[in-house]
Amino acid sequence: MTIKLYLGEGRPAGKAVSVANLGCKAAMNWDWMRLLSGAPEAGVDVWPLVHLTGGSVDRLTDWARAQPISHIMIENEPFTQKNLTPQAAARRLTEEVLPYAAQFCPKAQRVMGGFLIEYPMLYPAIRSQVAELMKAIGRDDDVVAFHLYLPEAPQMSEVTAAAEWFRQQVVGIEQDWPLFAVTEFGVGRASYSGRDVAALGEYMRRTWDALLARDCYAAGWFLCAPNSEHSAYSDMVLCWENGAPKPLGLTYRELPPALPVIEPEPPEPSAEWLVHLDETVISGGRAWNVLLRSKEA
Numbered sequence: 009m010t011i012k013l014y015l016g017e018g019r020p021a022g023k024a025v026s027v028a029n030l031g032c033k034a035a036m037n038w039d040w041m042r043l044l045s046g047a048p049e050a051g052v053d054v055w056p057l058v059h060l061t062g063g064s065v066d067r068l069t070d071w072a073r074a075q076p077i078s079h080i081m082i083e084n085e086p087f088t089q090k091n092l093t094p095q096a097a098a099r100r101l102t103e104e105v106l107p108y109a110a111q112f113c114p115k116a117q118r119v120m121g122g123f124l125i126e127y128p129m130l131y132p133a134i135r136s137q138v139a140e141l142m143k144a145i146g147r148d149d150d151v152v153a154f155h156l157y158l159p160e161a162p163q164m165s166e167v168t169a170a171a172e173w174f175r176q177q178v179v180g181i182e183q184d185w186p187l188f189a190v191t192e193f194g195v196g197r198a199s200y201s202g203r204d205v206a207a208l209g210e211y212m213r214r215t216w217d218a219l220l221a222r223d224c225y226a227a228g229w230f231l232c233a234p235n236s237e238h239s240a241y242s243d244m245v246l247c248w249e250n251g252a253p254k255p256l257g258l259t260y261r262e263l264p265p266a267l268p269v270i271e272p273e274p275p276e277p278s279a280e281w282l283v284h285l286d287e288t289v290i291s292g293g294r295a296w297n298v299l300l301r302s303k304e305a
C-alpha cells in the first residue's frame with residue numbers, strides 16, 4: 009500500500025480549508041509551499057490536488073512544474089454531481105479538466121474519481137455509473153478513487169457493523185478495480201464532536217486495517233466536526249500528550265498536523281460587523297456558544 013501526502017489548495021483569497029487525507033491533516037492556504045519544504049527529507053511524496061479556481065491556476069502551475077510530481081488527483085466534481093449523466097460528466101472532464109491536467113504535470117499518474125459511498129449505501133448502487141464514466145475517460149494506468157463515509161461518528165455498539173460495511177465495500181471495489189484508492193474515509197458531516205472518542209478511534213483503526221489487508225493503492229482519512237482541529241480525537245491522533253504537534257512524516261496512528269491559518273475576528277467587532285445569532289446551546293452535556301456574524305465587504 010502506498011501512503012502519500014495529499015494537499016488541497018484551499019479557497020481563493022487566502023481562506024483556509026481543512027483536509028485530512030493520505031496521512032496528513034492539511035489545512036491549506038498558500039503557506040503550504042513553505043510547510044512542504046521538509047517533505048522529501050521526511051520520506052513523504054507530494055500529491056497536489058488541483059482545484060481549478062480563478063486566480064490560483066498560474067501560481068499553482070508554476071510551482072507544480074518545478075516539482076517532481078508523480079501523481080495528480082482529479083476528484084469530485086463532476087464525478088459526483090448527481091444531475092450529470094456519465095456522458096455529460098465525461099464531456100466536461102474531457103473539455104475542461106483533462107487538458108489542463110495534462111499541461112499541469114503530463115507525466116504524472118492520474119487518480120480519478122472520488123465516487124461517494126455513504127453508509128448504509130452499497131457499492132453496487134454506483135457500480136454502473138463508475139464503469140461507464142471510467143470507460144469514457146479512463147486510461148489503463150488510472151487509479152480509480154472512492155470516498156467511503158459514515159454520516160456521523162459511531163458509538164461503540166455500532167463499530168462492528170459499520171466496520172464490516174466498510175470492509176465489504178472495499179472488497180467489491182477491488183474486484184472491479186484492482187488499481188483503486190480510498191482517498192477519503194471517516195466521518196462526513198459535523199456530528200462526532202462530543203460522542204464516543206474511543207469508538208471513533210476503533211472504527212478508524214478497523215477501517216484502515218481493512219485497507220491494509222487489500223491491495224489498496226492509497227488511502228486517506230477525513231473527519232468533519234465542530235472545532236475539529238481541537239476535538240479530542242484529532243488531538244489524540246495529531247499531537248503528543250503535552251499538546252505539541254507531531255512532526256511531518258508520521259502516518260496513521262501518528263499523523264502529522266498542518267494547522268489552518270484562519271483570519272482572526274476581533275473580540276469586539278467594530279460597527280460594520282452584523283451579529284445574526286449569539287446564544288449558548290447545551291448539547292451532549294457540553295455548552296456551545298453559537299455566534300454568527302458577518303461584515304460588509
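Numbering (this note's numbering), first residue to last: 9 to 305.
By construction, the Cβ of each residue, glycine as well, lies at the ideal position given by its N, Cα and C atoms.
As the structure is a computational prediction, the values presented were derived from the model and not from experiment.
Proximity to residue i [Cα-Cα], best of the options
i, options, result
"residue 288", "299, 282, 280", "299"
"residue 211", "185, 168, 221", "168"
"residue 279", "303, 290, 286", "303"
"residue 186", "218, 209, 150, 160", "150"
"residue 125", "90, 205, 207", "90"
"residue 137", "208, 97, 171, 221", "97"
"residue 220", "184, 209, 179, 130", "179"
"residue 206", "181, 161, 103", "161"
"residue 213", "223, 110, 183, 171", "171"
DSSP bridge partner residues for residue i (one or two, in chain order)
i, result
"residue 124", "155"
"residue 282", "302"
"residue 288", "297"
Residue i, buried or exposed, once every other Cβ within 10 Å from all chains shown has been counted against 16
i, result
"residue 215", "buried"
"residue 83", "buried"
"residue 164", "exposed"
"residue 286", "exposed"
"residue 148", "exposed"
"residue 80", "buried"
"residue 133", "exposed"
"residue 7", "The chain is shown from 9 up to 305; residue 7 falls before or after that span and cannot be answered."
"residue 176", "exposed"
"residue 301", "exposed"
"residue 131", "buried"
"residue 359", "Residue 359 lies beyond the residue range present for the chain, which begins at 9 and ends at 305; the question has no answer from this structure."
"residue 290", "exposed"
TODO: Determine, using beta-carbon pairs with one atom in the region 142-156 and one in the region 117-124, whether at least three such pairs fall under 8 Å.
DONE: Yes: the two stretches touch, three or more of their Cβ pairs being nearer than 8 Å.
Open item on the list: Tell me whether the region 148-157 and the region 189-197 touch, counting them as touching only if at least three CB pairs, one residue from each stretch, are closer than 8 Å.
Closed with: With the cut-off at 8 Å, the region 148-157 and the region 189-197 touch.
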